[in-house]
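*Asks:*
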Amino acid sequence: MNEKIRIGCGAGFSGDRLEPALILTEKGYLDYLVLECLAERTIALAQKRKQQDPHTGYDVLLERRIEGLLPLLLQHKTRLITNMGAANPIAGANKILEIAKKAGLKVKVAIVLGDDVFDQLNGEEFSLEGSKPLNTYGKLVSANAYLGVDAILPALATDAQIILTGRVADPSLFLAPMIHELGWDKENEDLMGKGTVLGHLMECAGQITGGYFADPVTKPVPNMDILGHPIVEVSRDGSGIITKVEETGGLINTQTAKEQLLYEVLDPGNYFTPDVVADFRSVRFEEVGPNQLKVNGGSGKTKPETLKVSVGYQAGWIGEGKISYAGAHAVERAKLAGEIIEKRIGDRFDEFRVDYIGLSSLHGESVSKGTSPYEVRLRIAGKSNEKALAQLVGEEVEALYTNGPAGGGGARKYLNEVIGVVSILMDRNQIHPSIQVFES
Amino acid sequence: MSQKLADIAHSRAGDKGNTLVLSLFPLEEKDYSLLVEKVTAEKVKQHLSHQLKGSVTRHEIPELKALLFTCENALTSGVTTSLALDAHGKSLSYALLEMKI
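In order, the protein sequences belong to chains A and B. Here the first sequence is numbered in the UniProt record's numbering, starting from 1 and rising by one per residue. Here the second sequence is numbered in the UniProt record's numbering, starting from 1 and rising by one per residue.
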């Protein structure tokens, strides 16, 4: 049993930068590296890829991330915990073995299964968001339950260097190694709460080191071009020190930590995970050195009887077009262009939206009232179940070149398939996690 | 003298489905009581009326000198299906900071 462990977070979303994880592994003296790469919709998109090709469905960057990291992980005896298994941890594990073989390395991968509960749905379950049955949304494509530490701990009990999961709650990726290494009792709700606080602070990687925080006027952050990702050194009492590799850029202080502590938190007294209902209100921060923040406090209550399940469904297509206007009467010309398109095709769409980028596209008319930009970019978006109709939006915007107001430039068109995600709750006794070990 | 929230506070936006979460902190701790007094749930709802279509709940967290606004039905339909340019609502922290106090 250890007195302390060090966990780094090298990625906070699927598209996160590759380099910070390499630096963490090489210079962070880590016991564990966590890569959190699975947003709600990411797993639904991965399910679709798996349906098309059963050898895919793991994270699209898995190959690039593992190729770079694997030699470093083995050299520094750092274990990796990641949800890059996405919709297909088995295929992901096979890919990792293939990468190891190519590099002449030996590796053991433990995968966590059981989050995929699609077969248990009948479509009549009511969503939490809309209070209507799932089958009224569209064709269902995926259902993944948020597993917790119960599912990850058996994988940690093996001697695998890599633990690859599908959908698990983000803080659980961090709490599991704390329990495993520090000898914590899972029924100790206070420690589960404290560990969840630390996991939540870490899970978005660069968001606690100055990313999504910096404002050069009120909140300057140094050297953001080489922004480092965070490390937490956790003690047996549930306190931790959050820090980063010294030579990296960024900033860790009370301000960055407070913003991250409350990020995406609906109720600071009741933060639900599969492991605990955590209370964040009594968390205390203390700056004990440059970029060294001590985190104390937080507590927990009995874990919920149900687990959240993200359900993906086909939601049609979104077509989009953009074109810019600048100089005299830029706003008036952009508005004329918007009216033209709306008259030409607007009423054929279930949902249709006209935005003026530079004026009111982000915060709407009420906040931006009375301002007048030099240039403005018209953006039009429409949603339809018909692909060809969605495509028409971009085509019509492009055609403004010759059929719209003067001086329109830089037209671009986009078409995206939409996977919607809603949630249900499922009795945790209905969900049966398991592990498998793969060895090269 | 009228000033903007941006002069005395910082904020971060987060999303859960169609719910927007806005945290608010004073840049200097002494201004926390001013935020508690001035930035009520009603004022936030009114300030962002075009965006917030549901209820706004304010959580006070004095230990952290923080306010948290949980805004329901605030992201048109939620990040996965919304037509909005900023479907997550990530930029909305700075819409809150435009509030005059």
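Virtual Cβ for every residue (Gly too), placed ideally from N, Cα, C. Note that the coordinates shown come from a computational prediction; the quantities given were computed from them, not determined experimentally.
#1: According to a CB-to-CB cut-off of less than 8 Å, which residues of the segment 340-365 of chain A neighbour chain B?
#2: From the DSSP output, in three-state form, read off Gln161(A) for me.
#3: Once you ignore the five residues that flank Thr158(A) on each side, which residues in its own chain have a CB closer than 8 Å to its CB?
#4: For my contact list, Leu69(A) and Leu113(A) are in at a C-beta cut-off of 8 Å; report their separation, rounded to the angstrom.
#5: Can a CB atom of chain A be found closer than 8 Å to the CB of Ala95(B)?
#6: Just how far apart, CA to CA, sit Ala330(A) and Leu85(B)?
#7: For residue 464(A), which residues in chain B fall below 7 Å Cβ to Cβ?
#8: Below 6 Å CB to CB, which residues in the same chain sit around Ile341(A) once its five sequence neighbours on both sides are set aside?
#9: Taking the alpha-carbon of Gly33(B) as reference, which of Ile8(B), Ser77(B), Ala74(B) and Val79(B) has the nearest alpha-carbon?
#10: Alpha carbon to alpha carbon, how far is Tyr32(A) from Lys90(B)?
#11: Going along chain B, which residues have a C-beta under 9 Å from Asp267(A)?
#12: Work out the CA separation of Asp267(A) and Gly250(A) for me, nearest whole Å.
#13: Please list the segments of the alpha helix (DSSP H) lying wholly inside the UniProt domain "AtuA-like ferredoxin-fold" (4-101) of chain B, counting only runs of 4 or more residues, in order along the chain.
#14: Run through chain A and tell me which residues come within less than 7 Å of Gln51(B), C-beta to C-beta.
#15: In whole angstroms, give me the CA-to-CA distance for Tyr146(A) and Asn385(A).
#16: Can you grab the Cα-Cα spacing for the pair Ala160(A) / Leu48(B), in whole Å?
#17: What is the residue span of the alpha helix (DSSP H) that Tyr401(A) lies within?
#18: Please report how far the alpha carbon of Asn188(A) lies from the alpha carbon of Lys369(A), in whole angstroms.
#19: What do you get for Arg64(A), buried or exposed, if any count of 16 or more other CB atoms within 10 angstroms of its CB means buried?
#20: Give me the chain B residues within the contact set of Lys413(A), using Cβ-Cβ distance strictly less than 8 Å, ordered along the chain.
#21: Using a Cβ-Cβ cut-off of 6 Å (strictly less than) and excluding sequence neighbours within five positions of His88(B), which residues of its own chain qualify?
#22: Identify each residue in the segment 301-325 of chain A for which the Cβ-Cβ distance to at least one residue of chain B is less than 7 Å, and report them in chain order.
#23: Quick one: does Glu259(A) have its CB under 8 Å from some CB of chain B?
#24: Please list the partners that Glu98(B) has in chain A, where partner means a Cβ-to-Cβ separation under 7 Å.
#25: Does the ligand MN have even one heavy atom less than 7 Å from the beta-carbon of Thr371(A)?
#26: Whose C-alpha, out of Ile345(A), Ser14(A), Glu259(A) and Ser366(A), is nearest the C-alpha of Glu36(A)?
#27: Is Ser299(A) close to chain B, meaning its C-beta is less than 8 Å from at least one C-beta of that chain?
#28: In chain B, what lies closer than 9 Å to Gln255(A) by C-beta?
#29: Just to make sure I have the definition right: I need the residues of chain D whose C-beta is within less than 8 Å of the C-beta of Tyr271(A). Which are they?
#30: Would a C-beta distance cut-off of 8 Å place Pro274(A) and Gly195(A) closer than the cut-off?
#31: Flag Glu40(A) as yes if its beta-carbon sits less than 8 Å from any beta-carbon of chain B, otherwise no.
#32: Are the beta-carbon atoms of Ile7(A) and Val232(A) separated by less than 8 Å?
#33: Just how far apart, CA to CA, sit Leu201(A) and Ile208(A)?
#34: Could you tell me which residues DSSP puts in a beta bridge with Cys9(A)?
#35: I'd like to know if Glu42(B) contacts chain A, where contact means its C-beta is closer than 8 Å to some C-beta of that chain.
#36: Taking just the CA atoms, how far does Gly12(A) sit from Lys53(B)?
*Replies:* Straight from the coordinates:
#1: If the cut-off is 8 Å between Cβ atoms, the segment 340-365 of chain A has Glu351, Phe352, Arg353, Asp355, Ile357, Ser361, Leu362, His363, Gly364 and Glu365 near chain B.
#2: Coil, per DSSP.
#3: So the list reads Lys108, Ala110, Ile435 and Val437, once near-sequence residues are dropped.
#4: Distance from Leu69(A) to Leu113(A) at the Cβ level is roughly 23 Å; contact not present, criterion being Cβ atoms closer than 8 Å.
#5: Yes, Ala95(B) lies at the interface with chain A (some Cβ there is under 8 Å from its Cβ).
#6: Their backbone Cα atoms lie some 20 Å apart in a straight line.
#7: Missing from the structure shown is residue 464(A); chain A here goes from 1 to 440 and no further.
#8: Excluding sequence neighbours, Ile341(A) sits near Ile380 and Glu396.
#9: Note that residue 33(B) corresponds to Ser in the displayed sequence, not to Gly. Minimum Cα-Cα distance from Ser33(B) among the listed residues Ile8(B), Ser77(B), Ala74(B) and Val79(B) corresponds to Ile8(B).
#10: Computed Cα separation, rounded: 30 Å.
#11: Per Cβ cutoff of 9 Å: Thr57, His59, Leu68 and Thr70.
#12: In a straight line, the C-alpha of Gly250(A) is about 28 Å away from that of Asp267(A).
#13: The alpha helix (DSSP H) runs lying completely inside the UniProt domain "AtuA-like ferredoxin-fold" (4-101) of chain B and spanning 4 residues or more are 32-38, 41-47 and 92-96, given in chain order.
#14: Correct list: Gly364.
#15: Take the alpha-carbon of Tyr146(A) and the one of Asn385(A): they are about 29 Å apart.
#16: Taking the straight line joining both Cα atoms gives about 50 Å.
#17: For Tyr401(A), the enclosing alpha helix (DSSP H) begins and ends at Leu400 to Asn403.
#18: Pairing Asn188(A) with Lys369(A), the inter-Cα distance amounts to about 53 Å.
#19: Exposed is the label assigned to Arg64(A), since fewer than 16 other Cβ atoms lie within 10 Å of its Cβ.
#20: Within 8 Å Cβ-Cβ: nothing; Lys413(A) doesn't reach chain B, min ~15 Å.
#21: Answer for His88(B): Asp15 and Val79, listed in chain order.
#22: So the close ones are Ala315 and Ile318.
#23: At a cut-off of 8 Å between beta carbons, Glu259(A) contacts chain B.
#24: By Cβ distance, chain A contributes Val367.
#25: Because no ligand of any kind appears in the structure shown, any question about the ligand MN cannot be addressed here.
#26: Minimum Cα distance to Glu36(A) is reached at Ser14(A).
#27: Cβ-Cβ to chain B under 8 Å: no for Ser299(A).
#28: His10, Phe25 and Leu27, listed in chain order.
#29: The structure shown contains no chain D; the protein chains it does contain are A and B.
#30: The Cβ atoms of Pro274(A) and Gly195(A) do not sit closer than 8 Å to each other.
#31: Yes, because at least one Cβ of chain B sits closer than 8 Å to the Cβ of Glu40(A).
#32: In this structure, Val232(A) lies closer than 8 Å to Ile7(A) by Cβ.
#33: Roughly 7 Å between the two C-alpha positions.
#34: According to DSSP, Cys9(A) bridges with Val34(A).
#35: Closer than 8 Å: no.
#36: If you draw a straight line from the Cα of Lys53(B) to the Cα of Gly12(A), it comes to about 30 Å.
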